[in-house]
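Q: Residue numbers (the numbering used here): 44 to 662.
The structure follows.
Set out below in structure tokens:
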């Protein structure tokens, strides 16, 4: 009696209609259809179901790459550019930074796919996708008979090509010249200008442009804290990271704004990236030569990107990012920021306290290195928005963490203290390996308006507010779902659409007839609406929840679930148009959000006052 042959696996990554098939269907970029007759598994849903393990595996992979040996040294050691600092921590890969070309989502999905395939018996894998990279990566997971030995062949993509390095060198050279020209009008901070109790580092965005032109700094980040600092008679100097917006297209524009503020204010404001001195340029070139040497010494770096206990080698996903960070345009920018920050902090008097907006971006690592090297006081990382489980920038493998170590070669630079504004954020950090004594609880500065009676925002308008995502393709999907849901339900209520503040796409031609484009603050828009539809990654959904709105988060299978409402019992998520229609038609217009589980609420900022009084990390 012949046993039936195992089926094939069909990896489906297409917007088309799934054909009738006897194959076992693995959905790469879509959610499961409960009405489907095909035996299937959704990779996005599998990732969410096994999130703890998959995130831990990815973080372990990043750690292992840095600690892999190339010759007699680890990658971390090859990239040492200071006695106690490795450039490794400034690479885009090590900082796990989200950007348009980041492949973190694909890496996690591939790890999940391998786990799924390990539990199946199949003949071969058929990939239905227009993504050539996916075909190549899945080829590493080709089915092998039990007696065959799984090998990690990296020859096809691991060969070191000096011509590729040469291209990056040319781009790096052009970037250095461009940065010198672009920053020539940005005034550096001098010793005479700065004698402060607190240095605050943030992004030059979310502030009142009109007030700035009149010499007043009103920031959504800090306005709630300003009265407390004034009451404590704290001398504050502000250092801002330039952010390109419609109002400030270049550092020169930003400098004009800050000069206007400085001419009328006792508190001084500067840009972190400023006109580089000759010493900074020389040091940048010296550091770049070290990185160039390291690039040649780690020519077989591809082998280091093999995942432990796996057939997968993820080098193809991160190759371009790696060389750009190591010897390309990004390398020059990061080295300039490092040397500029070190020089700035070496010239000012000893500062007791530094506070910076903590997102674990490369400029923050440069700040921590410069701060530590120059012996300043306590340095505090302020997590301004709630931490999200899948925002891997905030997490590291436990082997990379050592809060009291000044060895920034083998251990990730960290602030002495981390200020968080809610129980969920504290729990996520503690679970990730951050010691509880390193974390302090403070009130949420940006969300102080939510301390008002939430009932004042309920039922004052019947509009629907739609929030945009940082990424354009995610925003377009949300707009499409909203338009389709209205067509199905016959709902013709007005839609207020607020784009993401850092997304500068022209949205007029994409919106429906009943859409109104707005950039008004959420505090105003909440009085006009009863329903808020937002990307899963948006903190706006969290604000809407706390403002007692019906907050609906749209999950997208093309990305990880970056919602700040993960773990909130009555948070509402939808995956498709039909689910959105059901929620809009079946759910009451408002909900009572439990703000206590999300934020430490106190309009008097009692926790802030206590935390600033501490001389170090509090228990």
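Just so you know, even glycine gets a beta-carbon here, dropped at the ideal spot from N, CA and C.
Predicted, not measured: the structure shown is a model, and the values here were computed from it.
1) Given residue 198, which residues of its chain have a CB within under 8 Å of its CB, disregarding the five upstream and five downstream residues?
2) In terms of alpha-carbon separation, which member of 337, 655, 410, 582 lies closest to residue 115?
3) What is the DSSP secondary structure of residue 125, reduced to helix, strand or coil?
4) Taking the DSSP output, what are the residues bridged to residue 55?
5) Nearest to residue 415 by alpha carbon, out of 437, 384, 273, 472?
6) Between the segment 209–217 and the segment 236–252, can you find at least three pairs of beta-carbon atoms closer than 8 Å?
7) As a quick exercise: from 279, 85, 87, pick the residue whose alpha carbon is nearest that of residue 399.
8) Considering Cα atoms alone, identify which of 370, 288, 352 is closest to residue 330.
9) According to the Cβ coordinates, are residue 160 and residue 184 closer than 8 Å?
10) So, at 6 Å on beta carbons, what are the nonlocal neighbours of residue 340 in its own chain, with the 5 sequence-adjacent residues on each side left out?
11) Out of 221, 350, 238, which has the shortest C-alpha to C-alpha gap to residue 391?
12) Using a Cβ-Cβ cut-off of 7 Å (strictly less than) and excluding sequence neighbours within five positions of residue 484, which residues of its own chain qualify?
13) Go through its chain and collect everything with a Cβ distance to residue 267's Cβ below 6 Å, but skip five positions before and after it.
14) According to DSSP, residue 484 sits in a beta bridge with which residue or residues?
15) Spatial neighbours of residue 263 within its chain, please: CB distance less than 6 Å, with the 5 preceding and 5 following residues excluded, ordered by chain position.
16) So residue 528 and residue 627 are in contact, right, with Cβ under 8 Å, and what is the actual spacing, rounded?
17) For residue 151, name the three-state secondary structure that DSSP assigns.
18) Identify which residue in 343, 581, 92, 61 has its Cα closest to the Cα of residue 170.
19) State buried or exposed for residue 418, treating a residue as buried only when at least 16 other CB atoms are found within 10 Å of its CB.
20) Just how far apart, CA to CA, sit residue 182 and residue 314?
21) Give me the Cα-Cα distance between residue 110 and residue 81, rounded to the nearest whole angstrom.
22) With distances taken between CB atoms, is the gap from residue 411 to residue 423 smaller than 8 Å?
23) Could you spell out where the alpha helix (DSSP H) holding residue 584 opens and where it closes?
24) Can you name, in chain order, every residue of its own chain whose Cβ lies under 8 Å from the Cβ of residue 308, other than the five neighbours on each side?
25) Residue 27 to residue 353, Cα distance in whole Å?
26) Out of curiosity, what's the CA-to-CA distance linking residue 604 and residue 97?
27) Under a Cβ-count criterion, where at least 16 other Cβ atoms within 10 Å of its own Cβ denotes burial, should residue 167 be classed as buried or exposed?
28) For residue 390, which residues does DSSP report across the bridge?
29) Within the continuous alpha helix (DSSP H) that includes residue 99, where are the two ends?
30) For residue 404, name the three-state secondary structure that DSSP assigns.
31) When we look at the beta-carbon of residue 292 and count the other beta-carbons within 10 Å, is it buried (16 or more) or exposed?
32) So the candidates are 486, 455, 494; which of them puts its Cα closest to the Cα of residue 476?
33) Taking residue 437 as the reference, which of 51, 457, 382 has the closest Cα?
34) Could you pull out every residue in the same chain whose Cβ sits closer than 7 Å to the Cβ of residue 179, ignoring the five residues on either side in sequence?
35) Check whether the Cβ atoms of residue 678 and residue 379 lie closer than 8 Å to each other.
36) Does DSSP put residue 245 in a helix, a strand or coil?
A: The structure says:
1) Counting from one through the chain shown, the residue named residue 198 turns up at place 155. Low local confidence applies: a pLDDT of 46 at residue 198 is under 50, so the model's placement there is unreliable, and no value is given.
2) Within the chain shown, residue 115 is the residue found at index 72, counting from 1. Nearest option by C-alpha distance: 337.
3) Residue 125 sits at position 82 when you count from the first residue of the chain shown. Strand, per DSSP.
4) Position 12 of the chain shown, counted from the first residue, corresponds to residue 55. DSSP, once it has assigned bridges, lists 70, 171 as partnering residue 55.
5) Here residue 415 refers to the residue found at position 372 of the chain shown. Here the closest residue by C-alpha is 384.
6) These segments do not touch.
7) Here residue 399 is taken as the residue at index 356 of the chain shown, counted from 1. Nearest to residue 399 by C-alpha distance, out of 279, 85, 87, is 279.
8) Here residue 330 refers to the residue found at position 287 when the chain shown is read from its first residue. The residue with the shortest Cα to Cα distance from residue 330 is 370.
9) Position 117 of the chain shown, counted from the start, is the residue given in the question as residue 160. Position 141 of the chain shown, counted from the start, is the residue given in the question as residue 184. Going by C-beta atoms, residue 160 is nearer than 8 Å to residue 184.
10) Mapped onto the chain shown, residue 340 falls at position 297. Result list for residue 340: 121, in chain order.
11) Position 348 of the chain shown, counting from 1, holds the residue named residue 391. That would be 238, whose Cα lies nearest to the Cα of residue 391.
12) Residue numbering aside, residue 484 sits at position 441 when the chain shown is read from its first letter. Excluding positions up to five away in sequence, the list reads 463, 469, 643, 650.
13) For the purposes of this step, residue 267 is identified with residue 224 of the chain shown, where counting begins at 1. Excluding residues within five positions, the ones whose Cβ falls inside 6 Å are 488, 491.
14) Against the chain shown, residue 484 aligns to sequence position 441. DSSP lists 463 as partners of residue 484.
15) As a first step, residue 263 is located in the chain shown; it is residue number 220 there, counting from the start. Same-chain partners within the cutoff: 249, 489.
16) Numbered from 1 along the chain shown, position 485 holds the residue referred to as residue 528. Numbered from 1 along the chain shown, position 584 holds the residue referred to as residue 627. Sure, about 6 Å apart at Cβ, within 8 Å.
17) By one-based count along the chain shown, residue 151 stands at place 108. Helix, per DSSP.
18) Indexing the chain shown from 1 puts residue 170 at position 127. Measuring from the Cα of residue 170, the nearest candidate turns out to be 61.
19) Within the chain shown, the letter at position 375 stands for residue 418. Counting Cβ neighbours within 10 Å, residue 418 comes out exposed, since fewer than 16 surround it.
20) Within the chain shown, the letter at position 139 stands for residue 182. Within the chain shown, the letter at position 271 stands for residue 314. Cα to Cα, residue 182 sits roughly 47 Å from residue 314.
21) Residue 110 sits at position 67 when you count from the first residue of the chain shown. Residue 81 sits at position 38 when you count from the first residue of the chain shown. Each residue's alpha carbon lies about 43 Å from the other.
22) Position 368 of the chain shown, counting from 1, holds the residue named residue 411. Position 380 of the chain shown, counting from 1, holds the residue named residue 423. Between residue 411 and residue 423, the C-beta gap is not smaller than 8 Å, which leaves the two residues out of contact.
23) Taking the chain shown and counting its residues from 1, the one referred to as residue 584 is at position 541. Segment 582–589, the alpha helix (DSSP H) holding residue 584.
24) As a first step, residue 308 is located in the chain shown; it is residue number 265 there, counting from the start. Answer for residue 308: 258, 259, 260, listed in chain order.
25) Not covered by the structure: residue 27. The range shown for the chain is 44 to 662.
26) Locating residue 604 in the chain shown gives position 561, counting from the first residue. Locating residue 97 in the chain shown gives position 54, counting from the first residue. Rounded to whole angstroms, residue 604 to residue 97 spans 13 Å at the Cα level.
27) As a working mapping, residue 167 is identified with position 124 in the chain shown. Burial call: exposed.
28) Locating residue 390 in the chain shown gives position 347, where the first residue counts as 1. Residue 390 pairs with nothing; no bridge assigned.
29) Here residue 99 is taken as the residue at index 56 of the chain shown, counted from 1. 94–109 is the extent of the alpha helix (DSSP H) around residue 99.
30) In the chain shown, the residue the question calls residue 404 occupies position 361. Looking at residue 404 - three-state DSSP - the assignment turns out to be coil, as it is neither helix nor strand.
31) Residue 292 sits at position 249 when you count from the first residue of the chain shown. That one is exposed.
32) Taking the chain shown and counting its residues from 1, the one referred to as residue 476 is at position 433. It is 455 whose Cα lies nearest to the Cα of residue 476.
33) Within the chain shown, numbered from 1, the residue matching residue 437 stands at position 394. With distances taken between CA atoms, residue 437 lies nearest to 457 out of 51, 457, 382.
34) Locating residue 179 in the chain shown gives position 136, counting from the first residue. The residues are 359.
35) There is no way to answer for residue 678, as the model of the chain reaches only from 44 to 662.
36) Mapped onto the chain shown, residue 245 falls at position 202. It is a strand residue.
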